[in-house]
Amino acid sequence: MIWDSLYINAKIATCDESTQGFGFIEQGAMGVKNKKISFVGKQCELDGKLTELAHDIIDVNGRLITAGLIDCHTHLVYAGDRSYDFHQRLHGASYAEIARSGGGILSTVNATTLADESSLYQQSARRLESLMAQGVTTVEIKSGYGLIPEVELKQLRVISKLAKNYPISIYPTFLAAHALPITYQGKADEYIDMICQVALPQVAKAQLARAIDAFCESIAFTPAQITRLFECAKNYGFDIKLHAEQLSHTGGTNLAARFNAISADHLEFAREQDIQAMKAAKTTAVLLPAAFYFLREQQAPPIDLFRQYDVPMALATDCNPGTAPTTSLPLMMNMACVFWRLTPEEALRGVTIHAAKALGISEEYGSLRVNKFADFIIWPLEKPEELVYLINTPRPDMIIKHGSPLPNMTI
Ligand SMILES: [Zn+2]
Numbered sequence: 000m001i002w003d004s005l006y007i008n009a010k011i012a013t014c015d016e017s018t019q020g021f022g023f024i025e026q027g028a029m030g031v032k033n034k035k036i037s038f039v040g041k042q043c044e045l046d047g048k049l050t051e052l053a054h055d056i057i058d059v060n061g062r063l064i065t066a067g068l069i070d071c072h073t074h075l076v077y078a079g080d081r082s083y084d085f086h087q088r089l090h091g092a093s094y095a096e097i098a099r100s101g102g103g104i105l106s107t108v109n110a111t112t113l114a115d116e117s118s119l120y121q122q123s124a125r126r127l128e129s130l131m132a133q134g135v136t137t138v139e140i141k142s143g144y145g146l147i148p149e150v151e152l153k154q155l156r157v158i159s160k161l162a163k164n165y166p167i168s169i170y171p172t173f174l175a176a177h178a179l180p181i182t183y184q185g186k187a188d189e190y191i192d193m194i195c196q197v198a199l200p201q202v203a204k205a206q207l208a209r210a211i212d213a214f215c216e217s218i219a220f221t222p223a224q225i226t227r228l229f230e231c232a233k234n235y236g237f238d239i240k241l242h243a244e245q246l247s248h249t250g251g252t253n254l255a256a257r258f259n260a261i262s263a264d265h266l267e268f269a270r271e272q273d274i275q276a277m278k279a280a281k282t283t284a285v286l287l288p289a290a291f292y293f294l295r296e297q298q299a300p301p302i303d304l305f306r307q308y309d310v311p312m313a314l315a316t317d318c319n320p321g322t323a324p325t326t327s328l329p330l331m332m333n334m335a336c337v338f339w340r341l342t343p344e345e346a347l348r349g350v351t352i353h354a355a356k357a358l359g360i361s362e363e364y365g366s367l368r369v370n371k372f373a374d375f376i377i378w379p380l381e382k383p384e385e386l387v388y389l390i391n392t393p394r395p396d397m398i399i400k401h402g403s404p405l406p407n408m409t410i
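Numbering (numbering that gives the first Met the number 0), first residue to last: 0 to 410.
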């Protein structure tokens, strides 16, 4: 036997880097050996008898195979929920009134601070399972609801424990400047100093994060404050990511590009010069349609400029209790097409190869190519555009992670 397994009679959307589209193979086959893809191509190109090529032959009966989906921007580790904010807002309360009555981001910070580690783990695990059930095999998870180092570390430990216990690749990010804790109100510069001097060294020492992220916005932190944070983070070798230009233009995208960020995220208010800077820095644009929808935003991200400058566009759920209470990455593809006129090809690449680029892991993940990890999904569909067109209904028939089918998924 040459390979561990061979999937035949498949329709395959490789989303390979060498194509711009789905990379579609009508009568395809895929071989797996030692957790990696050993063959992907037309079935007629297989050399030899099927039974001599692999130990297990799996006939997928004409169904669609895509790479495992990658959710490259989530905040899924938190306690509590914000349904009461939602309720209040629909009864006419303003943001300020909701904040005064104990809602808003600080209510999530409170709940996350009060939850013990096992409760935080349990609540977060449910969301992770829900993402996985919709075909996600790699996920980025940020801290950012602790604000003080002790609670940020608790969140990061929960992320690490999820990574140990679930058959999914987890990319951990320390969201180091998200909001000001009560004790630092009006003292943002002092807070950044504290993060640089206390939190960053602890997170680095415990190896609990691969990237540093921040929220650059008029209601959060200024470019000057985030520049200080990133200068410090670079000394520890962290990747850089940034929430930028979501609600207004503050210069965050340009700042992210100056630090060669792997991604800049949201970007509704990004301008042409920002996108030129992203192109030069090879920074991926992460677009987040759920927050756009939930906040009833009007300003769409500059999709045509991303196309014009060939800046890769990734899509993610942004799973968080305040502005994106969702765990459906397929739904994000549909939303991005409906709201912003992405093509179905761009949408699928946005949750596969471009999402891998947003995490700096595209050498090993994100498309179906020989020598990448064998992470893929068998869908009860025949065409890749069906996956984008259906509104929140696609569910995998089978999920294969590092070459092994996940249990509880039947073919
Ligand atoms: Zn976010």
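The beta-carbon is built from N, C-alpha and C at its ideal position, and this holds for glycine as well.
Predicted model, so just to flag it, every value in this text is computed and none were measured.
Between glutamate 271 and leucine 304, the C-beta spacing is below 8 Å.
Cβ-Cβ distances below 6 Å link leucine 341 to Ala335 in the same chain, with the five nearest sequence neighbours on each side left out; the list follows chain order. In the pairwise beta carbon analysis, the region 311 to 320 is classified as touching the region 67 to 80: at least three pairs are separated by under 8 Å. Put simply, of Ser93, Cys43 and Phe23 the residue whose alpha carbon is nearest the alpha carbon of leucine 294 is Ser93. For aspartate 15, the CB contacts under 8 Å within the same chain, skipping 5 residues up- and downstream, are Gly22, Ile352, Ser366, Leu367 and Arg368 in chain order. Take the alpha-carbon of lysine 204 and the one of leucine 89: they are about 45 Å apart.
An exposed status is given to leucine 113, since fewer than 16 other beta-carbon atoms sit within 10 Å of its beta-carbon. Of the residues assessed, isoleucine 225 falls on the buried side of the cut-off, its CB having 16 or more other CB atoms within 10 angstroms. Taken atom to atom, the span from the alpha-carbon of alanine 162 to that of arginine 156 is near 10 Å. Comparing alpha-carbon positions, the option among His54, Ala255 and Asn391 lying closest to lysine 281 turns out to be Ala255.
Our two residues, alanine 28 and glutamine 42, have alpha carbons roughly 5 Å apart in a direct line.
Residue burial annotation: glutamine 121 is exposed, with fewer than 16 other C-beta atoms found within 10 angstroms of its C-beta. The beta carbon of arginine 348 sits closer than 6 Å to the beta carbons of Cys14 from its chain, once the five residues preceding and following it are set aside; these are given in chain order.
In this structure, the alpha-carbon of isoleucine 56 lies about 27 Å from that of isoleucine 69.
Between the region 240 to 253 and the region 44 to 64 there are fewer than three inter-stretch CB-CB distances shorter than 8 Å, so the stretches are not counted as touching. Between valine 285 and alanine 357, the C-beta gap is smaller than 8 Å, which places the two residues in contact. The three-state reading of DSSP puts asparagine 319 in strand, counting E and B together.
In the three-state reduction of the DSSP assignment, alanine 208 falls in the coil class. In terms of side-chain proximity, the C-beta atom of histidine 401 is found no nearer than 7 Å to any non-hydrogen atom of ligand 1.
The alpha-carbon of alanine 175 is positioned some 22 Å away from that of alanine 124.
Within the region 167 to 194, the complete alpha helix (DSSP H) segments at least 4 residues long are 187 to 193, listed from N- to C-terminus. Alanine 78: not part of any alpha helix (DSSP H); DSSP gives it neither H nor E.
If you look at threonine 137, you'll find it in the beta strand (DSSP E) that goes 135 to 141. With a cut-off of 7 Å, the C-beta of aspartate 70 is classified as distant from ligand 1, since no heavy atom of the ligand falls inside that distance.
Within the chosen limit of 7 Å, ligand 1 does not reach the beta carbon of aspartate 238 with any heavy atom. Going by DSSP, glycine 251 is part of no beta strand (DSSP E) but of the alpha helix (DSSP H) stretching over 251 to 257.
In the three-state reduction of the DSSP assignment, cysteine 336 falls in the helix class, which pools H, G and I. In terms of Cα proximity to alanine 132, the closest of Phe85, Gly67 and Val59 is Gly67.
In the DSSP annotation of this structure, the continuous segment of the alpha helix (DSSP H) that includes glutamate 230 starts and ends at 222 to 234. With respect to lysine 240, threonine 326 sits apart: the two C-beta atoms are not nearer than 8 Å.
Rounded to the nearest whole angstrom, the C-alpha separation of threonine 392 and proline 343 is 16 Å. In the structure shown, the three-state DSSP call for cysteine 71 is coil. Checking the DSSP bridge columns, you'll see cysteine 43 has no partner listed.
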